[in-house]
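Participant:
2 protein chains.
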Amino acid sequence: CEEARERLLAQAKKPAITRDGRKVIVRANLELLDEIPLALDFGADGVGLFRTEYLYVTRKTIPNEEELFANYRQVVESLYPNIVTFRTLDLGGDKFAEELDLPEEINPALGLRAIRLCLKNPALFRIQLRAILRACAYGNVRIMFPLVSGIEELREAKKFLQEVFEELRQEGLDIEFPPCGAMIEIPTAVFIADHLAKEVDFFSIGTNDLIQYALAIDRGNEQVAHLYEPLHPGILRMVHYILEAGHRAGIHVAMCGEMAGELLYLPLLVGFGFDELSMNPQSIPAIKDYICALSFEECRSLCEEILQFASAEEVRNHLEAWLEKKGLLP
Amino acid sequence: CEEARERLLAQAKKPAITRDGRKVIVRANLELLDEIPLALDFGADGVGLFRTEYLYVTRKTIPNEEELFANYRQVVESLYPNIVTFRTLDLGGDKFAEELDLPEEINPALGLRAIRLCLKNPALFRIQLRAILRACAYGNVRIMFPLVSGIEELREAKKFLQEVFEELRQEGLDIEFPPCGAMIEIPTAVFIADHLAKEVDFFSIGTNDLIQYALAIDRGNEQVAHLYEPLHPGILRMVHYILEAGHRAGIHVAMCGEMAGELLYLPLLVGFGFDELSMNPQSIPAIKDYICALSFEECRSLCEEILQFASAEEVRNHLEAWLEKKGLLP
Ligand SMILES: [Mg+2]
Ligand SMILES: [Mg+2]
Numbered sequence: 063c064e065e066a067r068e069r070l071l072a073q074a075k076k077p078a079i080t081r082d083g084r085k086v087i088v089r090a091n092l093e094l095l096d097e098i099p100l101a102l103d104f105g106a107d108g109v110g111l112f113r114t115e116y117l118y119v120t121r122k123t124i125p126n127e128e129e130l131f132a133n134y135r136q137v138v139e140s141l142y143p144n145i146v147t148f149r150t151l152d153l154g155g156d157k158f159a160e161e162l163d164l165p166e167e168i169n170p171a172l173g174l175r176a177i178r179l180c181l182k183n184p185a186l187f188r189i190q191l192r193a194i195l196r197a198c199a200y201g202n203v204r205i206m207f208p209l210v211s212g213i214e215e216l217r218e219a220k221k222f223l224q225e226v227f228e229e230l231r232q233e234g235l236d237i238e239f240p241p242c243g244a245m246i247e248i249p250t251a252v253f254i255a256d257h258l259a260k261e262v263d264f265f266s267i268g269t270n271d272l273i274q275y276a277l278a279i280d281r282g283n284e285q286v287a288h289l290y291e292p293l294h295p296g297i298l299r300m301v302h303y304i305l306e307a308g309h310r311a312g313i314h315v316a317m318c319g320e321m322a323g324e325l326l327y328l329p330l331l332v333g334f335g336f337d338e339l340s341m342n343p344q345s346i347p348a349i350k351d352y353i354c355a356l357s358f359e360e361c362r363s364l365c366e367e368i369l370q371f372a373s374a375e376e377v378r379n380h381l382e383a384w385l386e387k388k389g390l391l392p
Numbered sequence: 063c064e065e066a067r068e069r070l071l072a073q074a075k076k077p078a079i080t081r082d083g084r085k086v087i088v089r090a091n092l093e094l095l096d097e098i099p100l101a102l103d104f105g106a107d108g109v110g111l112f113r114t115e116y117l118y119v120t121r122k123t124i125p126n127e128e129e130l131f132a133n134y135r136q137v138v139e140s141l142y143p144n145i146v147t148f149r150t151l152d153l154g155g156d157k158f159a160e161e162l163d164l165p166e167e168i169n170p171a172l173g174l175r176a177i178r179l180c181l182k183n184p185a186l187f188r189i190q191l192r193a194i195l196r197a198c199a200y201g202n203v204r205i206m207f208p209l210v211s212g213i214e215e216l217r218e219a220k221k222f223l224q225e226v227f228e229e230l231r232q233e234g235l236d237i238e239f240p241p242c243g244a245m246i247e248i249p250t251a252v253f254i255a256d257h258l259a260k261e262v263d264f265f266s267i268g269t270n271d272l273i274q275y276a277l278a279i280d281r282g283n284e285q286v287a288h289l290y291e292p293l294h295p296g297i298l299r300m301v302h303y304i305l306e307a308g309h310r311a312g313i314h315v316a317m318c319g320e321m322a323g324e325l326l327y328l329p330l331l332v333g334f335g336f337d338e339l340s341m342n343p344q345s346i347p348a349i350k351d352y353i354c355a356l357s358f359e360e361c362r363s364l365c366e367e368i369l370q371f372a373s374a375e376e377v378r379n380h381l382e383a384w385l386e387k388k389g390l391l392p
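So the protein lines, in turn, are chains A and P.
63 is the number of the first residue of the first sequence in this note's numbering; add one for each residue after it.
63 is the number of the first residue of the second sequence in this note's numbering; add one for each residue after it.
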């Protein structure tokens, strides 16, 4: 058993490639510097989601540019030459910074959070963007904006980034403009994914929020927890729709919600054609191992069948029967 | 001016038919018995949404079956032979019944409300369904379930209705099973509208909630009010998608949110092919008049163009230019 674990960890250092030769990049979701060695040890192909709220929610004052830069630089350097994907501030909802002193909201999950909050607080946003761009000089960085609901928001966020980039170039910083992505986690963004895809270098689907909004359920509320269902045909069709739109536009599509780290869903995610999956580091070895046991073409056929079902129960039954037949039940 | 108003009111009593002969049923959203004469006076072709929460939120105790029946019967009789569409209880969110004593929720809009609440409280639900079905004997009734997110919920709600129907038949009540509809106001319901359409006789799009969930904004929260936008291309594509699914299945599709009562949006709603629009009674005469000035085929072409746009601003500009060219700016 110890031996099996060793083999899994050793294999996790290699790329995950399906039996028929399709590579799926498997990255880590991280929040802290301390987690980086572990993530690399578990075979992370870089970081698909670096959460940047920690320095804001654990202290009384907003961190300044130098503090952020020092932190981001260390992250980027520790992971070099792997990619780090910084998600810009996702405060609000259930994460608060004391100094910001935001008004209380009746439905905070439907309120001023993430990119909305940043666009309303240009100083807050610029300081973070400056720190991320400065860290670009030390490794491979991507930036993604959370909770994009429309093209105007995305363009506005990109404009901030462009302005800060020009500013830093004038100050003498020698960096390239980093790849820039939109998180798809709001239903309207799904429906205009074709338009959004033209504005960015990649998509990353945040399934936790997407499922929450698409089903109109607070995932922290046990009264409606029974409705939280990644296999809801509506959710699967949304995911499929985003992938089609992204790939038609020639961009990479990633998933970085909890759904990405579940073995049971993996044949569907592979079949839909995800280029990247990002998850808790601990899940990476088993996910990479499982990808190597799958056939992309078989998973694709499975997805075609599954997209026709009306209920999550039918999806689950069909998926489990398929896995059992293939001897792949997790 | 008084004369113009008289003409408008007289014309409102007739069906609304576009210049090229397409009829659009225009109904009233009502809550109280007292509003019925006004609605009929304004030319309502029946009631597209009768809200049933009033008797629950205005008193300390839950009303019993007899009280509900007496109320519903009066509603149905006063409107006869027009259709009344009862929405089953839409409590929770921002409407509470004291006796139910529901737990507080951090995001009540994403919590235990509407059909979810009824399915968890069978006694509450059955009493209302009994009262509505008993009222069927006195006129033309339809029933619709609010906040349907998936096929299981819809089937479960219909099962309750079927059981209560059988029960009442055994007690000797001689009624037909009423037409039964699903409100489409949750994003996952949009994406499985083809499946849902096979289970019901009609759809009614509740745009207030649909827009709120699809954009992930609390429409009561002024911090994010700037994002509330019925002309968001994602919203328009959702609406279009629902209509296509409904019509492919051969069922009527209605809209009963505030969006349905706005002149500016009307060419789009007519062009998308709505069979019914339901709104505040006061809006009916002007809406009916405006429908008569439109051409369905022209509105359809407009919709085809508009569905290609990436931003609400482009949609609005194109729509306004189109209206101006046709001399139809409201
Ligand atoms: Mg999120
Ligand atoms: Mg509603």
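From the three backbone atoms N, C-alpha and C, an ideal C-beta is built for every residue, glycine too.
It should be emphasised that the depicted structure is a prediction, and the values quoted were computed from it without experimental measurement.
DSSP three-state call for residue 97 of chain P: helix, strand or coil?
Facilitator: helix
Participant: Going by the C-beta, is residue 155 of chain A closer than 6 Å to any heavy atom of ligand 1?
Facilitator: no
Participant: Within the segment 314-367 of chain P, note down every full alpha helix (DSSP H) run reaching 4 residues or more, in order along the chain.
Facilitator: 328-334, 346-355
Participant: Using a Cβ cut-off of 9 Å, pull out every chain A residue sitting near residue 94 of chain P, in sequence order please.
Facilitator: Those within 9 Å of residue 94 of chain P in chain A number zero; the least Cβ separation is about 26 Å.
Participant: Rounded to whole angstroms, how far is the Cβ of residue 336 of chain P from the Cβ of residue 364 of chain P, which I believe are closer than 8 Å?
Facilitator: Wrong, their Cβ atoms sit about 14 Å apart, outside the cutoff.
Participant: Buried or exposed for residue 271 of chain P, going by 16 or more other Cβ atoms inside 10 Å?
Facilitator: buried
Participant: Using 8 Å for Cβ pairs, my map puts residue 181 of chain P next to residue 219 of chain P. What's the rounded Cβ distance?
Facilitator: 7 Å
Participant: Verify whether the separation of the beta carbon atoms of residue 255 of chain P and residue 307 of chain P is less than 7 Å.
Facilitator: For the pair residue 255 of chain P and residue 307 of chain P, the CB atoms are nearer than the 7 Å cut-off.
Participant: Would you mind reading off the limits of the beta strand (DSSP E) that contains residue 110 of chain A?
Facilitator: Its beta strand (DSSP E) spans residues 109-112.
Participant: What does residue 300 of chain A touch in chain P if you count any residue whose Cβ is under 7 Å from its own?
Facilitator: 253
Participant: For residue 169 of chain A, does the three-state DSSP call read helix, strand or coil?
Facilitator: coil
Participant: When you check each C-beta in the segment 276-300 of chain P against every C-beta of chain A, which residues fall closer than 7 Å?
Facilitator: 276, 277, 278, 279, 280, 282, 283, 285, 286, 289, 294, 295, 296, 297, 299, 300
Participant: Output the distance between the C-alpha atoms of residue 167 of chain P and residue 108 of chain P, rounded to the nearest integer angstrom.
Facilitator: Their backbone Cα atoms lie some 36 Å apart in a straight line.
Participant: Verify the contact flag: residue 280 of chain A, CB atom, against every heavy atom of ligand 1, threshold strictly below 6 Å.
Facilitator: no
Participant: Using the C-alpha atoms, what's the distance from residue 137 of chain P back to residue 113 of chain P?
Facilitator: 11 Å
Participant: Does the beta carbon of residue 173 of chain P fall short of 6 Å from some heavy atom of ligand 2?
Facilitator: Relative to the non-hydrogen atoms of ligand 2, the Cβ of residue 173 of chain P never comes closer than 6 Å to any of them.
Participant: Could you tell me whether the segment 310-318 of chain A touches the segment 197-211 of chain P, using the rule of 3 or more Cβ pairs below 8 Å?
Facilitator: no
Participant: Can you confirm whether residue 257 of chain P, when its beta carbon is compared against all beta carbons of chain A, has any partner nearer than 7 Å?
Facilitator: yes
Participant: What are the partner residues of residue 85 of chain A, as DSSP defines its beta bridges?
Facilitator: A:79
Participant: With a cut-off of 7 Å, does the C-beta of residue 167 of chain A fall near any C-beta of chain P?
Facilitator: Against chain P, the CB of residue 167 of chain A has a partner CB under 7 Å away; the residue lies at that interface.
Participant: Compare the beta carbon distance of residue 171 of chain P and residue 248 of chain A with 7 Å and say whether it is the shorter of the two.
Facilitator: no
Participant: Under the rule that 16 or more other beta-carbon atoms within 10 Å means buried, what is residue 221 of chain A, buried or exposed?
Facilitator: exposed
Participant: Less than 6 Å separating the Cβ of residue 323 of chain P from some heavy atom of ligand 2?
Facilitator: no
Participant: Please state whether DSSP places residue 149 of chain A in a helix, a strand or coil.
Facilitator: Strand at residue 149 of chain A.
Participant: Could you check whether the Cβ of residue 271 of chain A sits closer than 6 Å to any heavy atom belonging to ligand 1?
Facilitator: Yes - ligand 1 has a heavy atom lying nearer than 6 Å to the Cβ of residue 271 of chain A.
Participant: Which residues, in chain order, does the segment 361-392 of chain A contribute to contact with chain P at a C-beta distance below 8 Å?
Facilitator: For the segment 361-392 of chain A, which is checked against every Cβ of chain P, the residues closer than 8 Å are 372, 373, 374, 375.
Participant: Counting only Cβ-Cβ distances shorter than 9 Å, please list the residues of the segment 239-253 of chain A near chain P, keeping chain order.
Facilitator: 247, 248, 249, 250, 251, 252, 253
Participant: Measure how close the beta-carbons of residue 126 of chain P and residue 110 of chain P come, nearest whole angstrom, since I'm counting them as under 8 Å.
Facilitator: That pair is no contact at about 27 Å.
Participant: Using 6 Å as the cut-off, classify the Cβ of residue 243 of chain P as near or not near the heavy atoms of ligand 2, replying yes or no.
Facilitator: no
Participant: Does any residue of chain A have a CB that is nearer than 7 Å to the CB of residue 330 of chain P?
Facilitator: no
Participant: Is residue 212 of chain P near ligand 2, judged by its Cβ being under 6 Å from some heavy atom?
Facilitator: no
Participant: Tell me where the alpha helix (DSSP H) around residue 296 of chain P begins and ends.
Facilitator: 295-310
Participant: Any beta-carbon of chain A closer than 7 Å to the one on residue 272 of chain P?
Facilitator: no
Participant: Would you tell me roughly how many angstroms separate the C-alpha atoms of residue 128 of chain P and residue 117 of chain P, rounded to the nearest one?
Facilitator: 12 Å
Participant: Under a Cβ-count criterion, where at least 16 other Cβ atoms within 10 Å of its own Cβ denotes burial, should residue 63 of chain A be classed as buried or exposed?
Facilitator: exposed
Participant: Kindly say whether residue 153 of chain A, judged by its beta-carbon, lies nearer than 7 Å to any beta-carbon of chain P.
Facilitator: no
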